[in-house]
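2 protein chains.
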Amino acid sequence: MPSLELEHVAVAVVDLDKAVSDLSSLWGLSPTRREVVADQGVEEATIPVGAASLQLIAPTGPDTAIGRFLEQRGEGLHHIAYAVDDLEATLGELKARGVRLIDERPRPGGGGHSIAFVHPESSHGVLVELVEKKR
Amino acid sequence: MPSLELEHVAVAVVDLDKAVSDLSSLWGLSPTRREVVADQGVEEATIPVGAASLQLIAPTGPDTAIGRFLEQRGEGLHHIAYAVDDLEATLGELKARGVRLIDERPRPGGGGHSIAFVHPESSHGVLVELVEKKR
Chain A
1 MPSLELEHVA VAVVDLDKAV SDLSSLWGLS PTRREVVADQ GVEEATIPVG
51 AASLQLIAPT GPDTAIGRFL EQRGEGLHHI AYAVDDLEAT LGELKARGVR
101 LIDERPRPGG GGHSIAFVHP ESSHGVLVEL VEKKR
Chain B
136 MPSLELEHVA VAVVDLDKAV SDLSSLWGLS PTRREVVADQ GVEEATIPVG
186 AASLQLIAPT GPDTAIGRFL EQRGEGLHHI AYAVDDLEAT LGELKARGVR
236 LIDERPRPGG GGHSIAFVHP ESSHGVLVEL VEKKR
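If you read the protein sequences in the order shown, they are chains A and B. Note that the working numbering numbers the first sequence so that position 29 is 29, with each residue one more than the last. Add 135 to a position in the second sequence, counting from 1, and you land on the number used in the working numbering.
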């Protein structure tokens, strides 16, 4: 199995401006990137915290995965992401090991990277995103 | 504000042996440390994922914070931890900025480190642990 490096931890928030402002005033943290990822129905802000990042994600509307998550569970931890060198190969390897994939193929994510999600049932309740960074 | 580095992401699990075994067989991940932290009512397994770690935490009994979390929400993401250089100074700085602390003073955590928890209401629903590593 190729090595997995924690790339970000994503936090679902209702209001991205307010969350960015609170993390700045309370924690001294600032985003380096902010982007709408239409495919996922989110606007995200990426905040470096050492080698990994905190990613704040707010829904672009109520009828999105994050909109429904917030309605059911409120704000909080949503998923974690691992960086991998070769996403297609990693998906094949995970599938062969019996992991339940949400995305069988890489799709476009934020920052121009390729991403795929893995079902929480294969990671003890944790939704996992895999990221192959744009070269 | 001193810099914050993501140190670990903690996942609440029912059965630590089963979770360790599943993460090995499905994801090729292995723990480097396993320890009972009596003060927190958990047994934890630490799995390196790049610069940060995944920390699996299982309750030592039902009447513990993690036991109650599992009963209410099931397995999944529980908290994140930031490494800081000087925990006492960081707690003072956060308090001055209006952050709601759970622990006003450092207390013993796993691995011989000093730790303190910060209330999720000060971090958009995310329970945050601060860790000052043993020198």
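Backbone N, C-alpha and C define an ideal beta-carbon position, used for all residues, glycine too.
Per DSSP, the bridge partner or partners of residue i
i	result
H143 (chain B)	B:S188, B:A216
F69 (chain A)	Beta-bridge pairing links F69 (chain A) to no other residue.
G211 (chain B)	B:A147
P59 (chain A)	A:V42
A116 (chain A)	A:L130
V36 (chain A)	A:E43
L101 (chain A)	A:V118
P108 (chain A)	A:S114
P48 (chain A)	A:S53
Spatial neighbours of residue i in its chain, beta-carbon cut-off 7 Å, leaving aside the 5 residues before and after
i	result
L4 (chain A)	Y82, V84
P59 (chain A)	G41, V42, I66, G67, L70
I237 (chain B)	F252, V253, H254
A147 (chain B)	I192, I201, F204, L205, E210, G211, H213
P166 (chain B)	V155, A180, T181, I182
K133 (chain A)	A83, H113
V99 (chain A)	V118, S122
V149 (chain B)	A193, L205, E210
Beta-carbon separation (whole angstroms), residue i vs residue j, contact threshold 8 Å
i	j	result
I250 (chain B)	L141 (chain B)	Wrong, their Cβ atoms sit about 15 Å apart, outside the cutoff.
V266 (chain B)	H248 (chain B)	5 Å
E129 (chain A)	F117 (chain A)	5 Å
A52 (chain A)	A186 (chain B)	7 Å
L161 (chain B)	S24 (chain A)	Wrong, their Cβ atoms sit about 38 Å apart, outside the cutoff.
R168 (chain B)	G246 (chain B)	7 Å
Contacts around residue i, its chain only, beta-carbon distance under 6 Å, and the 5 residues preceding and following it disregarded
i	result
P62 (chain A)	none
Q190 (chain B)	H143, A145, E179, T181
T64 (chain A)	G41
L164 (chain B)	L158, I182
Any non-hydrogen atom of the ligand NAD within 7 Å of residue i CB
i	result
S249 (chain B)	Questions concerning the ligand NAD fall outside what the structure shown contains, since it holds no ligand whatsoever.
Close beta carbons around residue i, own chain, < 8 Å, minus the five adjacent residues each side
i	result
A38 (chain A)	T60
Q126 (chain A)	Correcting the residue identity first, residue 126 (chain A) is Val in this sequence and not Gln. Hits under 8 Å: H79, I80, P120.
P135 (chain B)	Residue 135 (chain B) lies beyond the residue range present for chain B, which begins at 136 and ends at 270; the question has no answer from this structure.
P241 (chain B)	L222, E223, L226, S249, I250, A251, E267
R232 (chain B)	M136
Cβ-based contacts, 8 Å cut-off: residues of the region 80-101 of chain A near chain B: So the list reads I80, Y82, A83, L94, R97, G98, V99, given in the order they occur along the chain.
Between the region 150-162 of chain B and the region 227-235 of chain B, are three or more C-beta pairs nearer than 8 Å? Because the criterion of three Cβ pairs below 8 Å is not met, the region 150-162 of chain B and the region 227-235 of chain B do not touch.
Residues of the region 179-195 of chain B with Cβ closer than 7 Å to any Cβ of chain A, in chain order: For chain A, the residues of the region 179-195 of chain B that bring a beta carbon within less than 7 Å of one of its beta carbons are V184, G185, A186, A187, in chain order.
Under 9 Å, CB to CB, which of the residues in the region 157-174 of chain B have a partner in chain A? Against chain A - using a Cβ distance shorter than 9 Å - the residues of the region 157-174 of chain B are D157, L158, S160, L161, W162, G163, L164.
Mind listing which residues of the region 118-134 of chain A have their C-beta closer than 8 Å to chain B's C-betas, in chain order? Cβ contacts with chain B come from P120, S122, S123, H124, G125, V126.
Residues of the region 61-73 of chain A with a CB closer than 7 Å to any CB of chain B: list them in chain order, please. Correct list: empty, as no residue qualifies.
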